[in-house]
Amino acid sequence: MVVASPFQNNTEEVKILDLHNLTLHEIRDMIRSGEVSAKDVLQSVYGRIDAVDDKVDAYIALTRDKAYEAAEAIDKRLAGGEALGDVAGIPMALKDNISTNGIKTTCASKMLENYTPAFDAHVYEKLKEAGAILIGKTNLDEFAMGSSTENSAFKTTKNPWNLDRVSGGSSGGSAAAVAAGEAFFALGSDTGGSIRQPASLCGIVGFKPTYGAVSRYGLVAFGSSFDQIGPFTKDVEDCAIVLNHLYGYDKNDSTSLAVEHGDFKEALNKEIKGMKIGLPKEYFGEGIAPEVKKLVMDGVKVMESLGAHVEETSLPYSEYALPVYYIASSAEASSNLARFDGVRYGYRAKDYEDLNDLYIKSRSEAFGDEVKLRIMLGTYTLSSGYYDAYYNKALKARRLIKQDFEKAFEKYDILISPTSPTTAFKIGERSDDQLAMYMSDICTVPVNIAGIPAISIPCGFSGGLPVGMQIMGKALGEASIIKAAHAFQRNTDFLGKRPTL
Amino acid sequence: MKKPSRNGLKGGNDMIEKKDLEYVAALAKLKLREEDLEKVREKFSMVLDYVSMLNKLDIEEVEPLINVNGMTNVMREDEVGESMNRETLLANAPEKMYGCIKVSKIIE
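From first to last, the protein sequence lines stand for chains W and X.
First residue of the first sequence: 0, per numbering that gives the first Met the number 0; consecutive thereafter.
First residue of the second sequence: 0, per numbering that gives the first Met the number 0; consecutive thereafter.
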C-alpha cells in the first residue's frame, strides 16, 4: 500500500492510504481533524478488501456505489463545519441476515439467494443515521445455524490468522472482516455464541447484549428468544462506541426493552479494584483445551493484580445448557423457518404437482443439510406426544439455568470463563462430527439461555491462533463488563495484534 | 462441563425408525433424498440421544421459562399506520399476475 495524500494536482491519480490496521476511534479522530476524508477511509478499506478477500472470503456482497455516495455526503457535511458523531464516515460490514433495503439479504442460503428486503433493520437505520457507511454483507452459516461458516450455501470464510482454519460461526464473515482489516466494525447476531465464538477464534472483541436491549427488527429470525445483534470491533473502546448506537427501545420489536442505557464510553478507563469476579468451575473442566484454560487463568491473574477479588463458584445446571439450547432453539427455528414456503418470496421450485408439493420441493431443494436437521429436530420436539418430554422440559431447565446465574450475580459483579473450548479448528475437521461441532458452543450457549450480556476479548495466542476470554454480566450489567474488559485491555497488549495476510 | 457420550448408534434399536423420520420430515414440509436418509437418520438419532439427557432431571414442579426478560403482553394503541405499497411487496414474489401472487390451484 502506498502511503500518500489522495490527490496529486490535477491528475485523477488516487493513492490508497494504509489505514486498515487502525481502530474505529483512531479513524474517527483522523476524520474529525481533517487528516483524512471519509472517501479516503473508504478507498483504503476497499483496497484492503481487493487485496485480501479472495483469500479470506469474508464478504458475500460489496456495496461500493452506495458506499461512495454515502462517503461523499458525509464529507460534504464535514466540510460544511457540521459536528458529527462517533461513527460518522466509518466503514462497517453487516452479517447477511440483517435486512438492508434494496440490498440482497441472503442468509447464506439458496432459499434467499435473490431476496431483496423492502425495509431496513432497525440497527442499520440507526447506524446509517449516525453516518456509518455500509461496505458490504458478510458470510455466515446458513440461517445462522453453525459454528464455522462451513454451513454457508456459498463459501467458507477463512481465519485471517491461519487460512487453513475456520473463522468461527455463525458470524464468521463479520469476525474475519474486522480481524483482517476489511471493516472497522461489523455487526453479527448471537443465538448460542455466534458473535462471541468467532470473535474468540479471530482474536477480536465481540459483544452479545442483554436479551431485548437491541432491536431484532430486520434480523432474520432463528431462535427468537435467544437472538441478539451485537458488534465486532478491534478493541473495547470501539465496542462501547458501537453499542451506544445499537441499544434502545424499538416499537417494532415487542421483546425490546425500554430502558435508559447511558453512555457506554463512561465505563472505559475505570479502576476495577474491589470488583468481585466469579469463575464457574463447570466452564474450566474437561473439554476445555489446556492451553486455553491456562491463557484465560493468566488473564484472571491480571484482573487480580489490578485489585479484583476472584473466587471459584458453581453453576450446577450448566451441563444441561447444550441440550436445552438445541431443543429450544431448534423448536423456535422450525417455527420461524416455516415462512419459507416458496410462495411470497425466496426460492420456488420449478416443477411441482400441487400446493403441498410446492412447499415440499421448494424447501427441500433450497435448505441446506444443517438447516433441515434442526427444523426436523424442532418439529419432533414440538410434536404431539413429545412436547412435554422435550420442549416443555427444556423450558423448565431453562429457568433453572437462568436462576443459577441470578444467584451467582448476587455475589459477583462478573463471571469469567473461556469463550471457546479450543482455538480455531481446521476447515473440514468437524463438519462430519455433529456433536463435536455443537460442543464449540459449550461456554457461550448458557449466556443466551439466561438472556444476559457477555463479551469475548483476546487474551493470548496458542500455536499462533487467538484465544478469547468471556466476561459475563447480569442482565443490563453491560457497564461492569466494559469496565473489566477495558481494564484488561489497558494492562495487556493482545488487542493491538494484527494478522499478516 | 462433560463431553457427551456416544452410545455407538450405528444401527440397532437406538436410532429413530426410518418411517418416523420421514413422518417428521413431512410435518415440516421436507422430503429427504433416498441416498441421504441413512446419514440423516444417524445424525438425527445422535443429537436426539444427546438432548435426551434432560430425562435425568426431575423438575415437574418448575415453571417453564417462556419470556427470558420477563416481558408479557406488549400492546399498542389501535391506530392505523402506513402500509407498504403493493409493488414493493410483490417485488420478491416468484410468480405474479393481476397484482397478486400466483400459486397452483388449491380448489378442486
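Beta carbons: idealized from backbone N, C-alpha and C, even for Gly.
Asked	Found
M0(X) to C442(W) span [Cα, whole Å]	Because the pLDDT at M0(X) is just 47, under 50, the model does not fix this residue reliably, and the value given afterwards should be weighed accordingly. Looking at the two C-alpha atoms, the distance is approximately 9 Å.
G10(X) versus A423(W) - alpha carbon distance	For G10(X), the predicted structure reports a pLDDT of 35, less than 50, and the residue's modelled location is therefore unreliable. A value from the coordinates is still provided. Going by the C-alpha atoms only, they are around 33 Å apart.
Chain-ordered neighbours of M52(X) on chain W, where CB pairs are closer than 9 Å	E318, Y319, L321, P322
Residue burial classification, D57(X) (beta-carbon count within 10 angstroms, cutoff 16)	exposed
Beta-carbon separation (whole angstroms), A174(W) vs A182(W), contact threshold 8 Å	Rounded, the Cβ-Cβ distance is 10 Å, inconsistent with contact.
9 Å Cβ cutoff, L414(W) in contact with chain X	no
Closer than 9 Å to chain W by CB, G7(X)	Here the model assigns G7(X) a pLDDT of 34, short of 50, so the residue's position is not dependable, and the following value carries that caveat. It does not: the Cβ of G7(X) has no partner Cβ on chain W nearer than 9 Å.
Neighbour-count burial assignment, I106(X), 16 or more Cβ in a 10 Å radius	exposed
Pick from L494(W), Y390(W), L305(W) that is closest to S334(W), judged by C-alpha positions	Y390(W)
Under the three-state DSSP convention, the category D39(W) falls into	helix
C-beta contact flag for K482(W) and L278(W) at 9 Å	no
Same chain, Cβ closer than 6 Å to Y248(W), five either side skipped, listed in chain order	S255, A257
Where T137(W) falls, given that 16 or more other Cβ within 10 Å makes a residue buried	buried
Simplified DSSP state of K30(X), which is helix, strand or coil	coil
Classification of P315(W) by the beta-carbon crowding that lies within 10 angstroms, buried from 16 upward	exposed
Collapsed DSSP secondary structure at V213(W) in the structure displayed	strand
Close-in-space but distant-in-sequence residues of the same chain around E364(W) (CB under 8 Å, 5 per side omitted)	K109, Y346, A348
Interface partners of K401(W) on chain X, CB under 9 Å	L64, V67
For V347(W), three-class secondary structure by DSSP	Here residue 347(W) is Arg; the residue named in the question, Val, does not match the sequence. Correct three-state label for R347(W): coil.
Alpha helix (DSSP H) runs contained entirely in the stretch 328–415 of chain W, provided each spans 4 or more residues	354–365, 368–381, 392–410
Residue range of the beta strand (DSSP E) that includes E107(X)	From DSSP, E107(X) is part of no beta strand (DSSP E); its letter is neither H nor E.
C-alpha gap between T232(W) and A117(W), whole angstroms	28 Å
Any chain X beta carbon closer than 9 Å to A486(W)	no
Cα-Cα separation, T499(W) to E21(X)	49 Å
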